Every structure is written in C-alpha cells, then in structure tokens.
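Protein chains in written order, with full-length UniProt numbering: chain A, 1 to 247; chain B, 1 to 247.
For each residue, glycine too, the CB sits at the ideal point set by N, CA and C.
Here the structure is a predicted model, which means the values were calculated and not measured.
Everything below concerns the one structure shown next.
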DNA sequence: CGTGCCGTTGATTAGCCTCAAGGAGGGTGG
DNA sequence: CCACCCTCCTTGAGGCTAATCAACGGCACG
C-alpha cells in the first residue's frame, strides 16, 4: 500500500518561472526580476501525471510541493473506516502538497483528473531560499494562509448551506478561477464526476445531478453532461446571498 | 463596524517563551536553548481579553499572531448574508490569526469564551527572525500546515458524518487536546454553548442537545449542563470508526 | 426576586439520502 | 465499423435524519 507511489516520470528539461505564463498566479507572484531568476533554480523539474494517476498519496513521505502547470487535480482525505472526502480541486498555478509539511508525510491523496503537468518544488530548497529573500518567504506564507482561509469558506459552505446554495457557490468559484486564467466566465467543462462534486460539497451524487437539472429548469444553467453554460450568473449569486432578501 | 477593534489592554510586563510552561506545545516546539532565548525578544507583550470580547475581527488590519496563554477562544467566519460558522476552538498553546497573512487583514473573528490571555507575536518580526534561524521557520511552517490538515479533517466531518458521529468526534478531539495539557481525559467543562458547538459541527443547537441526551441515555456520557464526564470512551470511538463493523 | 440566556424536550416538516431502473457517451475488441 | 461493455448521469419513489417551531425549566446575574 505505502510502497512505490506511482512511477515517477520526471521530465529532464528545465522550466523557468521567469518565463512561465503562470507567474502572475503561482508562487512567484510579486517577485521582481532578479528574485525570479533565482527561483528558477528552485523549480528544477517538471513531472507529468496521467489522468487517474496520483501525484502523491496519504502516507507518502513529504519532500516537495507541486505547482500545477497544466491540467486539473483533486485532493481527498479518507478516514480509517473508508469515509472519503474531496478537500479541493486544483488548477493551473495552484499549489499542491502543503498538507505534508506538518508531519513530513502527506495526509491526503492528490489525483489528476486529466493529463497534467506539475512543477516540482523541493521543499527544503524552498525553505533555504525563502530565508534568503523576503518576498518569496512572504509570498509562500500568503499562499499557506490563503489555503486556510479557503478551507474556512468550505466549512461555512458545508456547515450552513443547502444543496442549491452549495452547488451555486461551487460553480461561481470555479468560473471565477477560470476567468482569472483567461477562460470564459460563462462556459466551462467540468473535469470531475458528479460523485466528486458531491463529495466536495457534502452531497450525494444524485442530489448534485438533481440540482443541476433544477438549475437548468429554472433557466440558470444549460447542462449537457459535463458541459456547463451559465445563463444567469446573478441568479446564482442571489442563491448564495440571502436567498429571499427583498427587504 | 470596522472601527476601533476592542480597547487594547496590553500588559506591560514581559513573558519569556524560554520559561513558559507551554513551550512544548506552542510555537517554540523543538527549539534549543539559545534559539529559545532569541524568541523571547519576539514575543514581547501579553494581552488580556475578557470573556465575550473579541481579540480581532474580520476586516481588522493584520499585524500580529496570538498564542493562547490561558483561556479559550472560538474563531468564526460569516458570509455577507449573515450566515455564521464557527471554524475552530483554540486553547492554551494554540495560535490565532494565521488567516490574516493572506490579505494583510483578518478574515474571521476571534472571541474569548472565557477570560483569557494571549502572547502577541509581531508578524513582521516573526518573518525576520525565522529568516535567521531555521528551526523557527520550520516550526512555523509546520503549524500552518497542521492548521490546513485540521481543516481537512473538519471538512471530512462536515461532509460525511452524521450528527452522533460529529459530536463524538468533537468530544474526543477536545479531550485529547485537554489531555495533552495535563487535564483529565474523561472529565471536562465545555466553554462554549450548544449553539456554538452546533455551528462548528454543522448542526442546530437542538440537535446537539438531543445528541448529548442520547449519549447519556446510552451510558456513554454523563451530562450536567456544560459538565461532561466520559463514561465509555471506546464507545464514542466506535461511533466514528465504522459505526457497525462487526465483520 | 424578576429577567434573560441557555438548555431540554416534543411534534411536525422539509430536505436530502437510499434504493432502483434506465439512458447516454466513450472506449475496446471482434 | 459495429457491437458490446463500462462508467457516468438522470430520474423516480419512498424513507430517514436533522431542521423547524414551540413550550418550558434551570441557572446566573442584576
């Protein structure tokens, strides 16, 4: 079980943060030119992960963080009794593996939902480098903190929202992140199954499916399997903010 | 609303991490003697927070982290429409304020549930100092990562557990943390209301109350208002791990 | 000795889950 | 190229869990 964690397919060629088109979204945010070039030394290799394969598993030794370069991931935790929970979906520019720092061992699985590439960031090198320059240190802390804030948002969602609100919030969050990456804000293709969405949102897949259908009936969405077109963004937003606040 | 965040009651006297009895639980974990003494310079002041007062509020400018010295806190986030979610309960040795790093502004409220004292850790000084010595840097990262892992655990709870399982998990987590601080593992006094427990667990206060009563009927607990005695710890544990796994 | 907050308990309801059946799409092998 | 299979998705019927609404008891505090 805890043995060889998927064959490492480490591509030999280098990738430079300084010339990466994700540098405004990823770890290098806010770094100036000279710092950026020093970061290139840190992010030395790329790794490809085929759809369905795991980047790391709970229990694996922690050595590196991973920045998604292309593709799409989910992370999930599971309890001893086999309960499973998707804790997040990660797209280009987002960091994977922060959970591993706490115990030098990953505490969740990271699975590619489509063929993907990640930049491998040796964690001990990151610590070393961030001792040398402030901006990188600060940026890294911000990223960890942002993950905490995001998690709190998910708790709010799971703890106090109803099914429709959860799905609406989920879709709006997805489109917002896609928009920041230059994609359409009204049309998207889901990379995950209904069951994975349900796990993330604390719902069963049937409920997710029904809620999609309901949104479609109400003219909020057009749903064709995994192709989603948002017809009424404000309508979705209103679902979240005070369902019936006409006062 | 966003004006003066509760009158600062900064006690003038210093407190030394190097002589603090929480140093095995708090930020200084794993630091050796010389490092510890340098940390004393960082943690310069203590602040008292009366029961019911806020340590910081969402929207407040972020400047410091806080280590709970004595007392008990809750943190909660709220959405625009007034929905409210308790995201955690913090006791002695635990850090508050990590959410603020991401946007230089706190994103949740921290409220004292009993008269409390915190150590004030100037964040920019912490960054400076952790650039100078590795162990502090590493320890700080571990603490942030641990918070992320904890949050994932809460997501699992909120996303996939039933009321009884949630409350059982909550009680076991509390007693475990109390035990690590030298308190009894079988007897505790809740610092929070049923409503706050409910908010944290994604349940209504009536459900929390009913579940307490049920546990009492089943002989798992003795419940007298906020005084809880655990009569059958294994029974609670079994509730979480595979409710009915006799196979 | 009131007053207000907190907790308990009951009756009813709503929302989501469970179980079940069937359809659509994509990939594979004949 | 088609038949087949498998996975994923949709939809319906019925049941269960937890929410809601409501009333009351107890404790702390002024």
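For residue 198 of chain B, the closest alpha carbon among the candidates B/69, B/46, B/74 and B/20 is that of B/74. Under the DSSP assignment, residue 134 of chain A falls outside any beta strand (DSSP E), being part of the alpha helix (DSSP H) whose first and last residues are 134-160. Taking 8 Å as the upper bound on Cβ-Cβ separation, chain A lies near residues 148, 149, 151, 152, 153, 154, 155, 156, 158, 159, 160 and 161 of the segment 148-169 of chain B.
With 16 or more other Cβ atoms inside 10 Å of its own Cβ, residue 110 of chain A counts as buried. Of the other Cβ atoms in all chains shown, fewer than 16 fall within 10 Å of the Cβ of residue 187 of chain A; this residue is therefore exposed.
Counting along the chain, the unbroken beta strand (DSSP E) around residue 116 of chain A starts and ends at 116-122. Taken atom to atom, the span from the alpha-carbon of residue 165 of chain B to that of residue 106 of chain A is near 25 Å.
Inter-residue distance for residue 68 of chain A and residue 170 of chain A is about 20 Å (C-alpha atoms, whole angstroms). Using a CB distance below 8 Å, the part of the segment 91-113 of chain A facing chain B consists of 98, 99, 100, 101, 102, 103, 107 and 108, ordered along the chain. If you keep only unbroken beta strand (DSSP E) runs of at least 3 residues inside the UniProt domain "HTH crp-type" (161-234) of chain A, you get 187-189, 221-224 and 227-230. For residue 92 of chain A, no alpha helix (DSSP H) segment is defined, and its DSSP state is neither H nor E. Annotated as distal: residue 43 of chain B and residue 101 of chain B, with beta-carbon spacing of 9 Å or more. Around the beta carbon of residue 34 of chain B, fewer than 16 other beta carbons sit within 10 angstroms, so the residue counts as exposed. Chain A has a Cβ within less than 9 Å of the Cβ of residue 84 of chain B. A check of alpha carbon separations from residue 72 of chain B across B/89, B/78 and B/63 identifies B/89 as the nearest.
Shown here, residue 52 of chain A sits in coil according to DSSP, grouped into three states, outside any helix or strand. Between residue 27 of chain A and residue 218 of chain B, the alpha-carbon positions lie close to 52 Å from each other. Excluding its 5 nearest sequence neighbours in each direction, residue 211 of chain B has C-beta neighbours in its own chain below 7 Å: 163, 164 and 167, listed in chain order.
A Cβ-Cβ contact shorter than 9 Å links residue 92 of chain A with residue 181 of chain A.
Between residue 119 of chain B and the set B/132, B/160, B/48 and B/53, the nearest pair of CA atoms involves B/48.
Here residue 99 of chain B is buried. Its C-beta has 16 or more other C-beta atoms within 10 Å. Taking the beta carbon of residue 70 of chain B as reference, no residue of chain A falls within 8 Å; the closest one sits roughly 24 Å away. Boundaries of the beta strand (DSSP E) harbouring residue 67 of chain B: 64-78, taken from the DSSP string. Using beta-carbon distances, residue 130 of chain B counts as an interface residue toward chain A, with a partner under 9 Å. Contact between the segment 133-142 of chain B and the segment 75-89 of chain B is absent: fewer than three C-beta pairs spanning the two stretches fall below 8 Å. For residue 25 of chain B, same chain residues with a beta-carbon under 6 Å away, outside a window of 5 residues either side, are 93 in chain order.
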